[in-house]
Amino acid sequence: MTNDVPANADLGLLLQHQPHLISGMFDSIAARYDGLDSLLSAGLDDHWRAELIKELGPIEGADVLDLCAGTGEVTLSLVHAGARSVTGVDFAPQMLRIAYHKAHREGLDGIRFICADALHAPVRSTSMDAVTMAFGLRNVVDPAAAVAEIHRVLRPGGRLAILELSHPSHVVAGPFRAYFEHVMPMIGRLVSHNPEAYRYLPESVDAFPSPDRVVGIIATAGFADVRARAFSQGVAHCYTARKL
């Protein structure tokens with residue numbers, strides 16, 4: 150069975166019905182993911198991830214779970230920030246393979262990678278001091294269930310920090326829409342072996358709840374001190390909260 154996304158697929162329905170195709174799609178672009186991510190975001194992705202770590206707060210000596218870890222950019226940054234142990238979970242094995250090689254190349258200890266669904270993290274309840282998720286919440290079947298899973302694994306007082314793309318403010322909405330819907334897929338076609346992955350990206354952002362709704366989802370899961378911070382005129386948002 151192939152995990153390629155059909156060219157005529159309704160990408161908005163794939164998450165609901167065939168999440169394995171999304172996993173396969175990310176695996177197909179794994180080797181080029183980091184470079185393309187930086188190119189397509191004009192380098193803003195690295196800045197946003199760095200801000201995510203800052204928003205999470207001090208993590209020296211903490212046990213941290215990085216859900217939807219991808220190629221390990223946030224996972225490795227958590228180790229550099231002083232976490233005692235970091236577990237990176239992702240459902241795309243080729244993405245995790247790259248993350249593992251990065252960690253090995255840097256000689257990082259206290260880090261492990263697990264191939265699993267973010268909705269069913271193979272992590273004990275109340276075992277983590279913090280959980281991060283960068284650009285992953287819109288790629289799960291049920292965002293509310295993913296947030297509930299984060300709540301399950303956190304210790305009382307534990308913190309979450311979620312980074313996700315969103316619709317920008319009216320100031321940049323027009324240029325952003327043109328770039329996101331036309332320029333980005335064109336670059337994807339030229340550079341990537343799977344251009345459908347870059348058609349999926351704008352559609353997945355369109356289908357994702359608004360920042361206000363995401364805040365509501367997090368609060369409903371039982372978190373306190375929920376807040377959303379906009380990055381780059383709202384192109385991305387960082388959501389932070391604390392488990393009671």
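Under this note's numbering, think of the first position of the sequence shown as 150, with each following residue one higher. We put the CB at the ideal spot given by N, CA and C, even for glycine.
For residue i: DSSP bridge partner residues
i: residue 313; result: 386
i: residue 260; result: 235
i: residue 376; result: 389
i: residue 216; result: 238, 282
Buried versus exposed, by CB contacts within 10 Å (16 or more), residue i
i: residue 198; result: buried
i: residue 300; result: buried
i: residue 310; result: buried
i: residue 387; result: buried
i: residue 271; result: exposed
i: residue 177; result: buried
i: residue 345; result: buried
i: residue 377; result: buried
i: residue 226; result: buried
i: residue 339; result: exposed
i: residue 298; result: buried
i: residue 100; result: With the chain covering only 150 through 393, there is no way to say anything about residue 100.
i: residue 233; result: exposed
i: residue 275; result: exposed
Cβ distance (whole Å) where residue i is taken to contact residue j below 8 Å
i: residue 281; j: residue 223; result: 5 Å
i: residue 210; j: residue 244; result: Actually they are not in contact, since the Cβ atoms of residue 210 and residue 244 sit about 28 Å apart, beyond 8 Å.
i: residue 392; j: residue 305; result: 6 Å
i: residue 240; j: residue 172; result: 5 Å
i: residue 230; j: residue 202; result: 6 Å
i: residue 349; j: residue 333; result: Incorrect: roughly 11 Å between the Cβ atoms, too far for contact.
i: residue 381; j: residue 193; result: 6 Å
Candidates the options: closest to residue i by CA position
i: residue 277; options: 214, 174, 288, 295; result: 214
i: residue 355; options: 314, 390, 335; result: 314
i: residue 266; options: 250, 289, 353; result: 289
i: residue 263; options: 296, 255, 216, 231; result: 216
i: residue 189; options: 370, 308, 328, 238; result: 328
i: residue 370; options: 359, 383, 390; result: 390
i: residue 379; options: 174, 363, 326; result: 363
i: residue 323; options: 286, 384, 253, 234; result: 384
i: residue 372; options: 351, 293, 336, 330; result: 293
i: residue 360; options: 303, 351, 233, 286; result: 286
i: residue 242; options: 180, 200, 296; result: 180
i: residue 307; options: 169, 183, 374, 187; result: 374
i: residue 291; options: 279, 269, 256; result: 269
Residue i: CB within 6 Å of a non-hydrogen atom of the ligand NAD
i: residue 186; result: No copy of the ligand NAD occurs in the structure displayed, which carries no ligand at all.
Practice problem: Could you tell me which uninterrupted beta strand (DSSP E) segments, each at least 3 residues in length, are contained entirely in the region 263-309, listed from first to last along the chain? | Solution: 277-283
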